[in-house]
Amino acid sequence: MGLYRDEAVVLRTHKLGEADRIVTLLTREHGQVRAVAKGVRRTMSKFGARLEPAMHVDLQLHTGRSLDIITQAETLHSYGDVLSGDYSKWTMANAVLETAERFTALVEEPALQQFLLVVGALRTLAESAYDPAMVLDAFLIRSLAVGGYAPSFDACSRCGAPGPHKWFSLAGGGSVCGECRPPATATPASETLTLLGNLMEGDWESAVASEARHQREAHGIVAAYLSWHLEHGLRSLPLVERT
Amino acid sequence: MYEGVVQDLIDELGRLPGVGPKSAQRIAFHILQADPVDVRRLVDVLREVKERVRFCSVCGNVAEEDQCRICRDGRRDHTVICVVEESKDVVAIEKTREFRGRYHVLGGAISPIEGIGPDNLRIKELMVRLADSDVTEVILATDPNLEGEATATYLARMLKPLGLRVTRLASGLPVGGDLEYADEVTLGRAFEGRRSFDH
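Line by line, the protein sequences give chains H and U. Whatever position you read off the first sequence (first residue = 1), add 70 for our numbering. Whatever position you read off the second sequence (first residue = 1), add 3 for our numbering.
The structure is reproduced here in structure tokens:
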């Protein structure tokens, strides 16, 4: 492929050798890409802060044998700069980036929807448009949906009986009716399930009007559902600081 | 593959950071051909460094005694503490000869994505240290990357209620560079932290 150009969000960086870094990127057209940024840790590096986590950049890359090489980088939006100035939001941004990394790690093809979700979540967090904790939960649910694990918050996820239902099963894929209910199912408040549905559909007006206790319960359900489906929980999620 | 102990040496050297298989082989053969006295000296230093070096009980820097050289030095300014990520950063700042206070080594930066939270760093030790001391200023000298910045933000939030002066090392343009190559974040910081020529 030689040289190619793509838009990307920096998900994670690892130190490499004296002054280089391996940068994990979620690109618009090439899915997840791991590339080397040479000399990026030097104070005189031409990349500067452009290849830091949560930066939205326009890149030129050169195809390498195992890892690609970043040859040029321009900032599109420096979300990372804004978010690192607010510790609580920074922990949430880390959870967004780690989730995106996990969902796109095994897919060797474009993940446009996931890319758009990450950019949208980082922008909303940086602009403080909504409660950051709800932005994170909305991102996590939608990521699960894009990844093929969309939970049902209304109809029974097993038999399809129209809801709302009282029970929620992590293993069963969401709301379950009394007939299908496996043992050890949770019984969240109906307002919590409505909130989760609103977050998945992007109905912010209704979501914002929800009560704090339902928001907390919704967060617990999202975190548990995500951990269940990702097999290993996210490292960053227990460190998220909800204000 | 080489026989026995030669291959063992190459394998061990290859586990060092930044040493690939070819470099490991080159170093191994250099050791094989070197004067036995030189090799003995290397062996002694390696053993000694593991036996004698520990972490300073006050600041967390590498030390050969209970306290490091800087913490033992009575001439250092006891009212200022400079917080850094690693011992390497202490050496870098000492080289400038600009700072005469004392240090606190965190042992890394907060990185939720790597599972490193505030409890994994020496932040509690810093708070205990500040509780009964005559420190008036804490300088946050974590790395000028976003993880270092987030760590500084967290520390500032913890330290402000103590009524201390909390400062952050300036960010800006490196001396010897061209303005046009500066990235937007660095250039933005340089503008924020611009200084007057009056003093």
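All residues carry an ideal CB built from backbone N, CA and C; glycine is no exception.
- The beta-carbon of Ser213 (chain H) is placed no less than 8 angstroms from the nearest beta-carbon of chain U.
- Not one beta carbon of chain U lies nearer than 8 angstroms to the beta carbon of Pro221 (chain H).
- Leaving aside the five residues that flank Pro123 (chain H) on each side, the residues in its chain whose CB is nearer than 8 angstroms to its CB run, in chain order, Val80, Leu81, Arg82, Thr83, Gly150, Ala163, Asn164 and Leu167.
- Here Ala293 (chain H) has Leu307 as same chain residues with Cβ atoms under 7 angstroms from its own Cβ, once five neighbours each way along the sequence are excluded.
- Neighbourhood of Asp138 (chain H) in chain U, by CB distance below 7 angstroms: empty, with the nearest CB roughly 20 angstroms away.
- Contact between the region 148-157 of chain U and the region 176-187 of chain U is absent, with fewer than three C-beta pairs closer than 8 angstroms.
- The region 255-297 of chain H is shown to contain whole alpha helix (DSSP H) runs of 4 or more residues at 260-271 and 274-278, in chain order.
- Taking the Cα positions, Asp224 (chain H) is about 7 angstroms away from His235 (chain H).
- Checking the DSSP bridge columns, you'll see Val246 (chain H) partnered with H:Trp237.
- Contact of Arg160 (chain U) with chain H by beta-carbon distance below 7 angstroms involves Tyr157.
- Contact residues of the region 109-137 of chain U toward chain H are Pro115, Ile116, Glu117, Gly118 and Gly120 (C-beta to C-beta distance below 7 angstroms).
- A distance of 8 angstroms or more separates the beta carbons of Val93 (chain U) and Asn123 (chain U).
- Chain H places a beta carbon closer than 8 angstroms to that of Tyr184 (chain U), counting this residue as a contact.
- Separation of the CB atoms of Gly151 (chain U) and Glu88 (chain U) is rounded to 7 angstroms, and the pair is thereby assigned contact status at 8 angstroms.
- Looking at the backbone, the Cα of Arg192 (chain U) and that of Val152 (chain H) are separated by about 12 angstroms.
- Assigned with DSSP and collapsed to three states, Tyr200 (chain H) falls in coil, not helix or strand.
- Among the residues of the region 153-179 of chain U, those with a Cβ less than 8 angstroms away from any Cβ of chain H are Ala153, Thr156, Tyr157, Arg160, Pro177 and Gly179, in the order of the chain.
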